[in-house]
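Residue numbers (the numbering used here): 1062 to 1458.
Here's the structure, in structure tokens; my notes come after.
Structure (structure tokens):
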């Protein structure tokens, strides 16, 4: 789905699944001082009229952007009552809907911390078009957006921003259906929660959008910039997040990175600073933006395999290559040849288990083979059985 500015129409007429304001406010969990002011504003008689044209017109210059910060927040809150019914209409469960809506709470809280005023910014209004278009979903700790693949290069945007290989653009063409990943401020990026989020999101989108053959998770982020990520501690959550993705493009746009890293977009010393902010103060050249993907393999049996996950052998830091149902993955460790072990045809009705080639000698490229029952597959998200099976030879990086 392409990025679009136009928002589906909202009117003052609510459908059967629209949410009551009381229920919505309970679920949004605004801090008390914000909820009190928003409630008072929602009692004003002109809110419904303002809401009816809040996201009208073309482009991102929405009428709501011209309103005061408190009015913006009150109108977005009001519109969520109807948006709830639109999410329900496509089969989204309440827990995911309300987790998705709480992005409004997060941004209102951050706005208050920055300005000491109740409201949201113009940029927040523009961002919430995704909510109004029922085009963003929070599943676990990450936000996900149905999207169409786009390469931010000269061919696509007319500017030499990033460079992508021809092979990459052929394997995942411009316009291919993908899931765009977004990372909220202060998101918990612990490995178990991120991988659970990816697995649950994959299941969610296959269920809610069964006709869409999504081909990959996509993420454009400063957290994926290799020069920065590789300098983090091996146990860093950000580094582990970075290692989940295959980096296909990057640029040394430190200015764009700083705009995302600091609340006001300016690099300066703060009383309390994150490890990344401290790093940015001392080593600005380490920062930039990168594009990463986790590619899906949509199997004929309906299962999905995520291919980019790296697993390191204890001691030597080598990687494990996964091969399933005739697929061949190029091994990044063995320099002499690509790993070409295939799941051999079994003599029974059931196919034989797929093979995983483990390179135990970096230079010689010698392989040992571990067998895993085919029904478990290799999803990159470490099913318990798979990890027990390989625990004697591999450990998750």
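By construction, the Cβ of each residue, glycine as well, lies at the ideal position given by its N, Cα and C atoms.
It should be emphasised that the depicted structure is a prediction, and the values quoted were computed from it without experimental measurement.
Can you tell me where the beta strand (DSSP E) holding residue 1215 begins and where it ends?
Here residue 1215 belongs to no beta strand (DSSP E); instead the alpha helix (DSSP H) covers 1215 to 1218.
Given 8 Å, three or more beta-carbon pairs between the region 1216 to 1223 and the region 1189 to 1205:
Short answer: they don't touch.
Rounded to whole angstroms, how far is the Cβ of residue 1315 from the Cβ of residue 1293, which I believe are closer than 8 Å?
The Cβ separation is near 17 Å, so there is no contact.
Taking the straight line between their C-alpha atoms, what separation do you get for residue 1079 and residue 1138?
Taking the straight line from one Cα to the other gives about 13 Å.
In DSSP terms, what residue 1242 is bridged to:
Partner(s): 1205.
From what residue to what residue does the beta strand (DSSP E) around residue 1349 run?
Boundaries cannot be given for residue 1349, as no beta strand (DSSP E) includes it and DSSP labels it neither H nor E.
Do residue 1238 and residue 1263 have their beta-carbon atoms positioned less than 7 Å apart in this structure?
A distance of 7 Å or more separates the beta carbons of residue 1263 and residue 1238.
Which same chain residues, not among the five before or five after residue 1473, have their C-beta less than 8 Å away from its C-beta?
This structure cannot speak to residue 1473, because the chain is shown only from 1062 to 1458.
In three-state terms, what does DSSP make of residue 1102?
Residue 1102 carries a helical assignment under DSSP once its states are collapsed to helix, strand and coil.
Pull the bridge partners of residue 1281 from the DSSP assignment, please.
DSSP, once it has assigned bridges, lists 1352 as partnering residue 1281.
Kindly indicate the opening and closing residues of the beta strand (DSSP E) around residue 1310.
Residue 1310: member of the beta strand (DSSP E) spanning 1307 to 1312, first to last residue.
Below 8 Å on the Cβ atoms is my contact criterion, and I expect residue 1043 with residue 1282 to pass it. Report the Cβ-Cβ distance as a whole number of Å.
What is shown of the chain runs 1062 to 1458, which leaves residue 1043 out entirely.
Contacts around residue 1160, its chain only, beta-carbon distance under 7 Å, and the 5 residues preceding and following it disregarded
Correct list, in chain order: 1199.
Measure the C-alpha to C-alpha separation of residue 1338 and residue 1331 and round it to an integer number of angstroms.
Looking at the backbone, the Cα of residue 1338 and that of residue 1331 are separated by about 9 Å.
Could you spell out where the alpha helix (DSSP H) holding residue 1230 opens and where it closes?
That run of the alpha helix (DSSP H) goes 1227 to 1232.
With residue 1134 and residue 1162 assumed to form a contact (beta carbons below 8 Å), what rounded beta-carbon distance in angstroms separates them?
Contact flag wrong, Cβ pair sits at about 13 Å.
Output yes or no for whether 7 Å exceeds the beta carbon distance between residue 1103 and residue 1186.
Inclusion of residue 1103 and residue 1186 in the CB contact set at 7 Å is not warranted, their separation being larger than that value.
Start and end of the alpha helix (DSSP H) containing residue 1200?
From DSSP, residue 1200 is part of no alpha helix (DSSP H) but of the beta strand (DSSP E) over 1198 to 1200.
I believe residue 1349 touches residue 1286 by the beta-carbon criterion, under 8 Å. Please report the beta-carbon distance rounded to the nearest angstrom.
Right, the Cβ-Cβ distance comes to about 4 Å (below 8 Å), so this counts as a contact.
For residue 1222, the nearest candidate out of 1297, 1150, 1312 (CA to CA):
The candidate whose alpha carbon is nearest that of residue 1222 is 1312.
Take residue 1288 and list the residues in its own chain whose beta-carbon comes closer than 6 Å to its own, dropping the five residues that flank it on each side.
The answer, listed in chain order, is 1347.
Per DSSP, what kind of secondary structure is residue 1358 in: helix, strand or coil?
DSSP places residue 1358 in strand when its eight states are reduced to three.
Please return the same chain residues whose Cβ sits closer than 7 Å to the Cβ of residue 1230, not counting the five positions on each side in sequence.
Hits under 7 Å: 1212.
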